[in-house]
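If you want it as structure tokens, here you go:
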């Protein structure tokens, strides 16, 4: 598989960073992640917007403009020969001489096979637990997943698929997904602050306007527990119904009507987005 | 400079990790850091204790026993020909196939020149600012320094040398150092919880018993501001008087009597520890 490292295309088995890199020394870096559909990148402009915003927030200069990055990503997809791929654009703190100060960032772009959620996955939904935690610098897609990786054994132990963070009784996000609830009054609500604003989240908010009243605001844990529908959104998971929270069933344990409507609309959006880029 | 990577000694310019390593992908890993004095490692047993404890806490198996690590470290020091070196033992989450699950950890041991604080540095002391933040999994020496690195421009802007974290009005630690205060009643106090327990901190607590009453307990921000003496402890900084906090002078702006006494005692301890290992 091809990788793009700083200035050139190399093979995956050549894609190494020196141990002085600030990602290895201090866990310092940012990334973004998009996927392809039938060989075409989806919502790439949004992902590049967020990539540059994250880099800027962490004081990491990006040498490549988006006019330069875009053809590199297309070329990587071509070289991968994958129709469904995950593209990860990583920017690290660089080779620091004192293992603390930011140096010239290293840019790594990979294109790998990726598991995309299917209709069948949607029907099954996911079981989640809640966990008290607030991501550091939540508006930035940093590489810091210390807590998420550390909690994997807990997830296994609880036989859950994912964990939803909350702090001060307010829910925020999953490690890699956003959360939405549908209220008894049929309003679609998602947390407004202390979250990473997902690209799928953005698309859902836009699509939902035709279906339900939409609110971006704080959601307390009790409101989550009482919600007739809960779902998560993410690039590879699209929309995934949450059917169990801390072992208590959500609604009747099946994907709810609003969630299902949104899912169909999102699949349509994907197809038209794909049609646009692959023309 | 020599580096030890997993199973062998290599040259620094060969010391690379594949981009799939969980440190690069998710900022996941731990480390410890010790120094040498005239070519002999100082307090290595304590640092190795903490290294294994951190690895265990983050579910990272260490293939090498301490009986194996110790001669490797001695050999690295020998190969470096440095009399004053910093030894960093890093253990990462390994080459993860899904960039999320822990794989077989990569072990990287480096031995590099290091700046050790001098008597002159001690006389000058440091100027600090306080910042609201709590390190994640504070008892673990993880590689997560997202906040510390991110705040470097703020430090520069405030013309300060370091920043002291606090949360809920209780002070905890610096990014890489512990904090102590001397109260008006001549008690030596250091935070008891939500901190990484430093090796120098441990040594100071032990030495201080002969000089002052010692307490490990919460310290509120106001008690810090009113303290006649404040200092920090760290492997390369030994004891460093804090002479300014948020631009307000501590005491008369000179190293205080308890701090100075402890500093002298610590230098003696270093010499005898060095004598023990270099015999």
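Chains as they are written, first to last, in the numbering used here: chain A, 10 to 288; chain B, 10 to 288. Quick reminder that beta carbons are idealized off the backbone N, C-alpha and C, glycines included.
Using DSSP with H/G/I as helix, E/B as strand and the rest coil, what is residue 10(A)? If you number the first chain from 1, residue 10(A) lands on position 1. DSSP places residue 10(A) outside both helix and strand once states are collapsed to three, so it counts as coil.
Alpha carbons only, please: which of 36(B), 142(B) and 181(B) is nearest the one belonging to residue 110(B)? For the purposes of this step, residue 110(B) is taken as the residue at position 101 of the second chain. Of the listed residues, the one whose Cα sits closest to residue 110(B) is 36(B).
Simplified DSSP state of residue 268(B), which is helix, strand or coil: Here residue 268(B) corresponds to residue number 259 of the second chain, with the count starting at 1. The three-state secondary structure of residue 268(B), taken from DSSP, is helix.
When DSSP labels each residue in this structure, what does residue 152(B) get in the three-state scheme? Numbered from its first residue, the second chain carries residue 152(B) at position 143. Here residue 152(B) sits in coil by DSSP.
Terminal residues of the continuous beta strand (DSSP E) containing residue 222(B)? Within the second chain, residue 222(B) is the residue found at index 213, counting from 1. Residue 222(B) -> beta strand (DSSP E) spans 222–225.
Tell me the residue span of the alpha helix (DSSP H) that contains residue 61(B). Taking the second chain and counting its residues from 1, the one referred to as residue 61(B) is at position 52. Per DSSP, the continuous alpha helix (DSSP H) segment holding residue 61(B) begins and ends at 53–66.
Checking contacts by CB at 8 Å: is residue 222(B) closer than that to chain A? Residue numbering aside, residue 222(B) sits at position 213 when the second chain is read from its first letter. Not an interface residue.
Option nearest residue 146(A) by Cα separation, candidates 149(B), 148(B) and 154(B): Within the first chain, numbered from 1, the residue matching residue 146(A) stands at position 137. Out of 149(B), 148(B) and 154(B), the CA that lies nearest to the CA of residue 146(A) is found in 154(B).
Environment of residue 157(B) [buried if 16+ CB atoms lie within 10 Å]: For this step, residue 157(B) is matched to residue 148 along the second chain. Counting Cβ neighbours within 10 Å, residue 157(B) comes out buried, since at least 16 surround it.
Where the beta strand (DSSP E) through residue 139(A) begins and ends: Numbered from 1 along the first chain, position 130 holds the residue referred to as residue 139(A). Going by DSSP, residue 139(A) is part of the beta strand (DSSP E) stretching over 135–141.
Do residue 170(B) and residue 135(B) have their C-beta atoms closer together than 8 Å? As a working mapping, residue 170(B) is identified with position 161 in the second chain. As a working mapping, residue 135(B) is identified with position 126 in the second chain. Yes. Within cutoff.
Within 8 Å, do at least three Cβ pairs link the region 193–204 of chain B to the region 218–232 of chain B? In short, these stretches touch, since the Cβ pair count reaches three.
Can you tell me where the beta strand (DSSP E) holding residue 172(B) begins and where it ends? Residue mapping note: residue 172(B) aligns to position 163 of the second chain, counting from 1. Element bounds for residue 172(B): 171–176.
Name, please, each residue of chain B whose Cβ falls closer than 7 Å to the Cβ of residue 156(A). Here residue 156(A) refers to the residue found at position 147 of the first chain. Near residue 156(A) (Cβ distances below 7 Å), the residues of chain B are 145.
For chain B, find out if any of its Cβ atoms is closer than 8 Å to the Cβ of residue 32(A); answer yes or no. Counting from one through the first chain, the residue named residue 32(A) turns up at place 23. For residue 32(A), the answer is yes, since a Cβ of chain B falls inside 8 Å of its Cβ.
Please check if any C-beta of chain B sits within less than 8 Å of the C-beta of residue 25(A). Taking the first chain and counting its residues from 1, the one referred to as residue 25(A) is at position 16. Chain B contact via Cβ: present.
For chain B, is any of its Cβ atoms less than 8 Å away from the one on residue 153(A)? The residue you call residue 153(A) lines up with position 144 of the first chain. For residue 153(A), the answer is yes, since a Cβ of chain B falls inside 8 Å of its Cβ.
Distance, residue 275(B) Cα to residue 303(A) Cα: The shown model of chain A, from 10 to 288, leaves out residue 303(A), and the question about it has no answer.
DSSP state of residue 238(A), grouped into three classes? As a working mapping, residue 238(A) is identified with position 229 in the first chain. It is a strand residue.
Is residue 267(A) near residue 251(A), with beta carbons less than 8 Å apart? As a first step, residue 267(A) must be located in the first chain, where it is residue number 258. As a first step, residue 251(A) must be located in the first chain, where it is residue number 242. At a Cβ-Cβ threshold of 8 Å, residue 267(A) and residue 251(A) do not count as neighbours.
Would residue 35(A) count as contacting chain B if we go by Cβ distances under 8 Å? On the first chain, residue 35(A) is found 26 positions in, with the first residue counted as 1. Yes, residue 35(A) counts as interfacial toward chain B.
Simplified DSSP state of residue 193(B), which is helix, strand or coil: Here residue 193(B) refers to the residue found at position 184 of the second chain. Here residue 193(B) sits in coil by DSSP.
Rounded to whole angstroms, what is the Cα-Cα separation between residue 40(A) and residue 74(B)? Translated into the one-based positions of the first chain, residue 40(A) becomes position 31. Translated into the one-based positions of the second chain, residue 74(B) becomes position 65. Taking the straight line from one Cα to the other gives about 35 Å.
Could you please give the first and the last residue of the uninterrupted alpha helix (DSSP H) stretch that includes residue 200(B)? In the second chain, residue 200(B) corresponds to position 191, counting from 1. In this chain, residue 200(B) is not harboured by any alpha helix (DSSP H), its DSSP state being neither H nor E.
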